[in-house]
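One structure below.
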Amino acid sequence: MGLRSAEQYKASLRDGRVVFFRGDKVADVTAHPVIGIAVEHAALDYRMAEDPHYRELAVVKEGADEYSRYYHIPRNGDDLLKRSALIAAATREGATLVVLIKEIGTDALLALHIIGERLAAAGKPEYRERIHKFYRHCRDNDLAVAVAQTDVKGDRSLGPTQQEHPDYYVRVVEERPDGVVVRGAKVHTSVSTNTNEVIVLPTRAMRPEDKAYAIGFALPMNTPGLKMIASPHGSSKKNPFEHPISARHKMMETLTIFDDVFVPKERIFLNGEIDFAGLLALTFVRFHRFTAVSYKLPLLELLAGAGAAIAEANGISRAGHVRDKLTHLAAYHTTVRGLIEHAARSCTLEDGIAVPNTLLTNVAKYHFAHNYHQGVQIVQDLAGGLLVTAPAEEDLKSEATREYVLKYMGGAKGFDAEKRLRLLNLISDLTSSDYGGYQEVLAVHAEGGFEAEKLQAYREYDFKTVAAYARKLAGV
Numbered sequence: 394m395g396l397r398s399a400e401q402y403k404a405s406l407r408d409g410r411v412v413f414f415r416g417d418k419v420a421d422v423t424a425h426p427v428i429g430i431a432v433e434h435a436a437l438d439y440r441m442a443e444d445p446h447y448r449e450l451a452v453v454k455e456g457a458d459e460y461s462r463y464y465h466i467p468r469n470g471d472d473l474l475k476r477s478a479l480i481a482a483a484t485r486e487g488a489t490l491v492v493l494i495k496e497i498g499t500d501a502l503l504a505l506h507i508i509g510e511r512l513a514a515a516g517k518p519e520y521r522e523r524i525h526k527f528y529r530h531c532r533d534n535d536l537a538v539a540v541a542q543t544d545v546k547g548d549r550s551l552g553p554t555q556q557e558h559p560d561y562y563v564r565v566v567e568e569r570p571d572g573v574v575v576r577g578a579k580v581h582t583s584v585s586t587n588t589n590e591v592i593v594l595p596t597r598a599m600r601p602e603d604k605a606y607a608i609g610f611a612l613p614m615n616t617p618g619l620k621m622i623a624s625p626h627g628s629s630k631k632n633p634f635e636h637p638i639s640a641r642h643k644m645m646e647t648l649t650i651f652d653d654v655f656v657p658k659e660r661i662f663l664n665g666e667i668d669f670a671g672l673l674a675l676t677f678v679r680f681h682r683f684t685a686v687s688y689k690l691p692l693l694e695l696l697a698g699a700g701a702a703i704a705e706a707n708g709i710s711r712a713g714h715v716r717d718k719l720t721h722l723a724a725y726h727t728t729v730r731g732l733i734e735h736a737a738r739s740c741t742l743e744d745g746i747a748v749p750n751t752l753l754t755n756v757a758k759y760h761f762a763h764n765y766h767q768g769v770q771i772v773q774d775l776a777g778g779l780l781v782t783a784p785a786e787e788d789l790k791s792e793a794t795r796e797y798v799l800k801y802m803g804g805a806k807g808f809d810a811e812k813r814l815r816l817l818n819l820i821s822d823l824t825s826s827d828y829g830g831y832q833e834v835l836a837v838h839a840e841g842g843f844e845a846e847k848l849q850a851y852r853e854y855d856f857k858t859v860a861a862y863a864r865k866l867a868g869v
């Protein structure tokens, strides 16, 4: 089929999938007043491939064939840098909200390629062939692909088989000659309402008694028994003047339920191989945290840019403490960008695939997450309390109130009331709205929390060498 248009992408979502929103079944996700916003946002990936400005970055040519760069298997650091640049560019076009309909799915496909080779070396070449076939299916048909990894978990101090009921982790409940039947649920499944396929991965390492839970597979979103309950967070109606980001851009997450779903054998990529479950989970994370930091860069650009713009509008940009705050934002953005670029250049080849440097990727992700709330605080400080007390758009338009808003809400020279309010509303949407809270929670939890990032960084850092250096200088 080759590259699809945005309209072809949207048409492909009208396939009878089962999605619930606030208890009601959604007949057509593209026409839904909330999910439809997420669909339009996600269509950016397809529009960029058609845009002459982005086409060279967004599309890879191999002979007569063309396909999305997201599906290009990276072979070196330059490939990873281009992948990162495309992710950042799409997020920039999405007004700081990642698109993710190809980014996350290809992270999983890259991980599956590596694990497929390991499984083949262990005497299971059939998995590798299935993975390659599914990859070509997604690439050649330009599909949007979600990933369901995080199990609902129940009591987090207990393993899958120790839970109050056995379905807190997705598991195989029936083996058939032509496939398996799975049951359970995954949470935080981003973009699942508006993708074509979902890849399901283990969320943790498994023990011998967890064999039924060591399962990885892929399914079309309209598969019988696959049901999604969409999160309503941030679904209140918004106007673009007061919410310039979130009125036009949205990403959906779901509780994704596998209600005795049949998975054909050719769609199974792991089934009972407990030694590979944790490895698959971690290999996906190695790619996905690189994606995460790449899509955080426009967010940090906006924090720094909004801080500088509102300082100028408020007439405080020359104050020493303001320059200090803006320098912090600049250093924050530059550090994260430098780390992720270095992670790409310091990649390693695993089974012919370039993998971003794990230490640098996790340090970048931790540095972003650990400092994000402080960055938000700085911009809120520079903006002032009008972030939550400013007049409404209707007040600017009303004959009864317009003259007062224009007279009293102006800022420094060159910033009339409307310009200043637009800047304040942008910052309010970014830092103090539903969308702002959403981004703050994502900073803490998305793609793994603080402890997961610190653990990976600790494991990857070469303490042995530096400790030996210290002992040498100490003479011990």
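The sequence shown begins at 394 in our numbering and counts up by one.
Beta carbons: idealized from backbone N, C-alpha and C, even for Gly.
Quick caveat: nothing in here was measured; it's all calculated off a predicted structure.
For GLN556 and ALA605, the rounded distance between their alpha carbons: 14 Å
The alpha helix (DSSP H) enclosing GLU840, as first and last residue numbers: Segment: none, GLU840 is in no alpha helix (DSSP H) and carries neither H nor E.
Closest Cα partner of THR754 within the set LEU799, ILE709 and LYS847: LYS847
Backbone CA spacing between LYS857 and ILE508 [nearest angstrom]: 28 Å
Proximity below 7 Å, CB of THR499 to CB of TYR688: no
Under 7 Å between C-beta atoms of ASN589 and LEU536: yes
Sub-7 Å separation of LEU594 and GLY609 beta-carbons: yes
Outcome for ASN632 when other beta-carbon atoms lying within 10 angstroms are tallied against a minimum of 16: exposed
C-alpha distance - LYS495 paired with LEU473, whole-angstrom precision: 15 Å
Unbroken alpha helix (DSSP H) run spanning THR378, endpoints: This structure gives no information on residue 378, because the portion of the chain shown stretches from 394 to 869.
Alpha-carbon spacing of HIS506 relative to ARG448, whole angstroms: 26 Å
C-alpha distance - HIS726 paired with ILE661, whole-angstrom precision: 41 Å
Identified DSSP bridge partners for ASN664: ILE608
Alpha carbon of THR782 to alpha carbon of ASN664, nearest angstrom: 56 Å
Pairwise C-alpha distance: VAL678 and LEU503: 11 Å
Whole-Å CB distance - GLY577 paired with PHE651, under 8 Å assumed: 5 Å
Local Cβ density within 10 Å of GLY868, reported as buried at 16 or more and exposed below that: exposed
The region 431-449 in contact with the region 652-659 per 3-pair CB rule at 8 Å: no
Nearest to ASP533 (by Cα), restricted to the options TYR463, TYR562 and ASP774: TYR463
Option nearest HIS465 by Cα separation, candidates ILE820, LEU835 and ALA747: ALA747
Alpha helix (DSSP H) runs wholly inside the region 674-756, at least 4 long, in chain order: 713-738
Check whether GLU646 and SER624 have beta carbons under 7 Å apart: yes
Nearest candidate by alpha-carbon position, reference ALA685, set GLU743, LEU479 and LYS758: LYS758
Cβ shell of GLY708 (< 6 Å), same chain only, five flanking positions each side left out: ALA805
Outcome for ASP335 when other beta-carbon atoms lying within 10 angstroms are tallied against a minimum of 16: Nothing about residue 335 can be reported from this structure: the residues present for the chain run from 394 to 869 only.
Pairwise C-alpha distance: ILE497 and HIS581: 13 Å
Contact set for ALA431: own chain, Cβ-Cβ below 7 Å, skip 5 residues either direction: THR586, ASN587, LYS643, MET644 and MET645
Beta-carbon proximity list for HIS735, same chain, < 8 Å, skipping 5 on both sides: ASN750 and LEU753
Top-ranked residue by Cα proximity to ASP603, from ALA670, TYR862 and PRO617: ALA670
DSSP state of SER585 mapped onto helix, strand, coil: helix
Strand pairing of ARG564, partner residues [DSSP]: ARG576
Reference HIS760, options LEU690, ALA611, THR489 and ALA435, closest by Cα: LEU690
Alpha-carbon spacing of LYS718 relative to ALA712, whole angstroms: 10 Å
Distance between beta carbons of LEU819 and PRO637, contact taken as under 8 Å: 5 Å
C-beta atoms of LEU493 and VAL584 nearer than 7 Å: yes
Cβ shell of SER710 (< 6 Å), same chain only, five flanking positions each side left out: ALA704
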